[in-house]
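Novice: Here this note's numbering is used: the first residue of the sequence shown is 276, the next is one more, and so on.
Quick reminder that beta carbons are idealized off the backbone N, C-alpha and C, glycines included.
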Amino acid sequence: VVKLRTSPEMEARGEEIKAQLLAHPALRAWTSTLWQDLRETLIEASADPDSELRAKLEAGIMRLGQSLETDPELRAKLDAWVERTVLYVLDQYRDEVADLISGTVARWDADDASRRIELQVGRDLQFIRINGTVVGGLVGVIIHALTTTF
Numbered sequence: 276v277v278k279l280r281t282s283p284e285m286e287a288r289g290e291e292i293k294a295q296l297l298a299h300p301a302l303r304a305w306t307s308t309l310w311q312d313l314r315e316t317l318i319e320a321s322a323d324p325d326s327e328l329r330a331k332l333e334a335g336i337m338r339l340g341q342s343l344e345t346d347p348e349l350r351a352k353l354d355a356w357v358e359r360t361v362l363y364v365l366d367q368y369r370d371e372v373a374d375l376i377s378g379t380v381a382r383w384d385a386d387d388a389s390r391r392i393e394l395q396v397g398r399d400l401q402f403i404r405i406n407g408t409v410v411g412g413l414v415g416v417i418i419h420a421l422t423t424t425f
């Protein structure tokens with residue numbers, strides 16, 4: 276046992292056997308099938324309202340929410356992690372994010388887009404419209420005055 280831990284030759288032989296096993300097509304097929312089966316089982320169990328997995332996930336999420344509510348340090352750590360993650364994703368996948376947003380907005384019809392904006396902006400939207408009209412009118416008057424004067 277000591278020789279297994281300390282011998283460079285034994286370590287090299289172990290690495291060689293590991294590489295052969297990992298490269299073997301049967302092992303790759305088995306692990307792929309195992310992963311697919313596990314994935315399908317997890318998806319089915321999480322979708323089943325009566326599954327133990329779903330109950331444990333819900334309880335864990337509730338505990339996390341309660342901890343976030345009462346622990347400002349945990350909340351700050353999570354906020355920092357989310358910020359770093361979002362910045363990384365935006366930096367690495369800028370074009371894909373832009374395409375996703377553009378595609379989503381392009382699929383909205385005009386009425387739906389107006390309704391969404393009005394729901395988010397609320398009463399301020401009316402002030403924005405009025406201000407835009409007033410500023411646009413003033414700029415028009417100034418341009419007209421400048422062009423007729425000079």
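What three-state label does DSSP hand F425 in the structure shown?
Specialist: Coil, per DSSP.
Novice: DSSP state of G407, grouped into three classes?
Specialist: G407 falls in the helix class under three-state DSSP.
Novice: Please classify D399: does DSSP put it in a helix, a strand, or coil?
Specialist: In this structure, D399 counts as helix in the three-state DSSP scheme.
Novice: A320 and L313 look like a contact to me (Cβ under 8 angstroms); what is the Cβ gap, rounded to whole Å?
Specialist: Not a contact, Cβ separation roughly 10 angstroms.
Novice: Starting from D323, follow the alpha helix (DSSP H) in both directions and report where the run begins and ends.
Specialist: Unbroken run through D323: none, as it is neither H nor E.
Novice: Just to confirm, are L365 and V372 a CB contact at a threshold of 8 angstroms?
Specialist: Closer than 8 angstroms, so yes.
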